[in-house]
Amino acid sequence: MENSAKFIFVTGGVMSAIGKGVVTASLGKILQFRGFNISVVKIDPYLNVDPGTLNPIEHGECFITEEVWDFKPVPDSDERIYKISEIDQDFGTYERFLGITIHPSNNITSGQIYLSTILRERKGRFLGRTVQLIPHVTDMIKQRLFEIAKKDDLDVLLVECGGTVGDLESSIFLESFRQLRLELPKKNTVFVHVTLVPYSKAVGQQKSKPTQHSVKQLQSAGLQPDIIIGRSEEPLEEDIRNKISLFSNIPKKAVVSNPDLDNIYELPLLFEKHKLGDLLCETLDLKAKLVSYSEITNFSEWKKTVEIFRNADKKIKIGMPGKYFNITDSYISINDALEHAAAHQGYKTDLKMINIDSDTEIEAQLGDCDGILLTPGFGERAVEGMIESALYAMEHKVPFLGICFGAQLFFVAFCRKYLGLNGANSTEIDPDTPHPVVDLLESQKNVSEKGGTMRLGGLKVFIKEGTKLYDAYKTYEVVERFRHRYHINKNYITEEAKQKGIRISSTDESGRIINSIEMDRTDHWMVGTQFHPEFNSRPWEDGVSPVYAAFLKKAIEYKNKKEKD
Ligand code: GLN
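Residue numbering for the sequence shown follows our numbering, beginning at -1 and increasing consecutively.
In structure tokens form, the structure reads like this:
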């Protein structure tokens, strides 16, 4: 396939979860500063077709894309399609850094590659041949990469490979990268290896040995890194950079330090300080383009945004009752959207993640919070505690934002408290509830398969004037991203319910699906959205989610009032 794009391959060494996604996004950013049209692919070597059916405790958040992809494992055939919009959480990081909307087909999983290979074999696409990992699977991988680079007419495609070098399941992807380096012109590929450089307290030194081992492993797969990015608590010491350079066979200027940072958005600036952008251009034989000004791709604008985050020094405490807090990434887009909204109002968020179990004392936990964000989720565990959290917000008039499940449970709480509907519930939680105030979407009634079958992706939201939601967006129509099967049952928004203070603030195009609700009161800001505005929040001023900004504003007012009283 004809290709003019250059490729940057990002691999990880020593261990996972060291911030490879942030590194990849930051490499993309410094190329954007130079005017290049870039995008990112993430490879997830697991066998799931997409991460939609994974528990967030297992894999972190599932990011939802604007578009829904009709993935057809066998093109030009009567083979079925699979809907994909649920992808790896790293795409949240990429979109937040780069300000681009990335297509779900940029998340390549082993599941997709093997499904395509096996189903194509059944359709006779390899007639007469033995289907093998090399060349058939590696060809499939390379073809996916070329297609993406071509479709968006990219200058550079960054390809992050999930997991750690040495994992059996990622080896076929590394092999594809090796072939690409061989087949493409010399200056069309760069290999960046992100590795952990631990600090040994006992000897008071940073240690390079784990990096040496992981580079050896990369070399034994036929890959030589061009650039090494060392993740460490403190900046890399000079002698460590020398050692890594010597043992890894790369110049010292290509050993780049990536210490822990107060704010991840600082990383592109740090890379610029190391002249990493120039090094990438030199290695890829690229000349910076002249660019027209844009808030998103301009270096000085990015610096200004980073300053805003640096200067935000007041604290605002947001309580997040939920059920997936065994790892910090389960709601990462929410954490980030809250942080964006707070920073632009001069605040840093102090997120109190409340992992609800049967012993959790909700009142005691929420007592010191300036705002409550009720989290998305699935299934019965922790639900009563989440409903109690919504009741607490109503009783104490704490600013409240419910997202998806959080909005549904806000409505359950309202129906129990204000309409006296004892036992009101979502049919997801209690299929036999006497009051199914949250119920399965009509379009879901015949759905039995689990993967990619929810109401998904970016959809139009029609906002009603005179609502808190309208005050936030200041427009009648927006597109936000959805991921749900159940919804607020309109039959329960009766005249009585309206009088008791509930209000529909937006619906879908038909008016039949409720997209958001709120309390119709002047003394309390309580909003629930069926959609996830956090997926569209970006760190620069115009990128902040209007709903999150409005919520934070109310939380700050609440905090100030509390302090005065
Ligand atoms: N479990 C709920 C539903 O399917 C909410 C989903 C969510 O919070 N994303 O509708």
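C-beta: ideal position from N, C-alpha, C; glycine also.
Going by DSSP, name the residue or residues bridged to residue i.
i      : result
Ser37  : Leu155
Ser198 : Gln203
Asp42  : Thr107
Asn423 : Pro434
Asn444 : DSSP output for Asn444 lists no bridge partner at all.
Arg501 : Glu516
Phe460 : Glu475, Thr505
Gly317 : Lys350, Ile370
Pro257 : Ser230
Tyr390 : Its beta-bridge partners do not exist; DSSP assigns none.
Glu564 : Because the chain here runs from -1 to 563, residue 564 falls outside it and cannot be looked at.
Met384 : According to DSSP, Met384 bridges with nothing at all.
Lys4   : Val154
Val190 : Val8, Ile225
What does the Cβ neighbour count give for residue i, buried or exposed, with the cut at 16 atoms within 10 Å?
i      : result
Val188 : buried
Pro374 : buried
Tyr546 : buried
Glu378 : exposed
Asp368 : buried
Arg479 : buried
Asn333 : buried
Ala564 : Past the edges of the chain, shown from -1 to 563, lies residue 564, and the structure says nothing about it.
Val201 : exposed
Ala411 : buried
Leu288 : exposed
Thr99  : exposed
Ala362 : exposed
Thr527 : buried
Gln130 : exposed
Ala548 : buried
Ala3   : buried
Asn534 : buried
Ala15  : exposed
Asn487 : buried
Tyr345 : buried
Using a threshold of 7 Å, is the CB atom of residue i nearer than that to any non-hydrogen atom of the ligand GLN?
i      : result
Phe403 : yes
Pro249 : no
Pro319 : no
Arg483 : yes
Gly90  : no
Gln578 : In the structure as shown, the chain begins at -1 and stops at 563. Residue 578 is therefore absent and cannot be evaluated.
Gly369 : no
Gly450 : no
Gly383 : no
Glu426 : yes
Pro374 : yes
Gln210 : no
Gln215 : no
Gln406 : yes
Inset, instruction - Could you say if the stretch 315 to 329 and the stretch 211 to 219 meet the contact criterion of at least three C-beta pairs nearer than 8 Å? - result: no
Inset, instruction - Spell out a yes or no on whether the stretch 363 to 373 and the stretch 399 to 408 are touching, meaning 3 or more CB-CB pairs, one atom from each, closer than 8 Å. - result: yes
Legend entry - At least three beta-carbon pairs within less than 8 Å, the stretch 99 to 117 to the stretch 130 to 150: Yes, since at least three Cβ pairs between the stretch 99 to 117 and the stretch 130 to 150 fall closer than 8 Å, the two stretches touch.
Inset, instruction - Please confirm if the stretch 504 to 515 is in contact with the stretch 380 to 387, defined as three or more CB-CB distances below 8 Å between the two stretches. - result: no
Legend entry - the stretch 448 to 458 contacting the stretch 476 to 496, beta-carbon criterion three pairs below 8 Å: With contact defined as three or more Cβ pairs closer than 8 Å, the stretch 448 to 458 and the stretch 476 to 496 are in contact.
Inset, instruction - Mind the definition here: the stretch 23 to 34 touches the stretch 288 to 304 only if three or more C-beta pairs lie below 8 Å; say whether that holds. - result: By the criterion of at least three beta-carbon pairs nearer than 8 Å, the stretch 23 to 34 is in contact with the stretch 288 to 304.
Inset, instruction - Would you check if the stretch 329 to 346 and the stretch 63 to 75 touch, i.e. whether three or more CB-CB distances between them fall below 8 Å? - result: Touching, no, given that fewer than three Cβ pairs across the two stretches are closer than 8 Å.
Inset, instruction - Check whether the stretch 10 to 21 touches the stretch 152 to 170, taking contact to mean three or more Cβ pairs, one atom from each stretch, closer than 8 Å. - result: The stretch 10 to 21 is in contact with the stretch 152 to 170.
Legend entry - Stretch-stretch touch, CB-based, cutoff 8 Å, three pairs: the stretch 165 to 180 with the stretch 192 to 212: no
Legend entry - contact_flag[the stretch 323 to 332, the stretch 50 to 61] where n(CB pairs < 8 Å) is 3 or more: yes
Legend entry - Stretch-stretch touch, CB-based, cutoff 8 Å, three pairs: the stretch 79 to 98 with the stretch 235 to 249: no
Legend entry - Stretch-stretch touch, CB-based, cutoff 8 Å, three pairs: the stretch 425 to 435 with the stretch 486 to 503: yes
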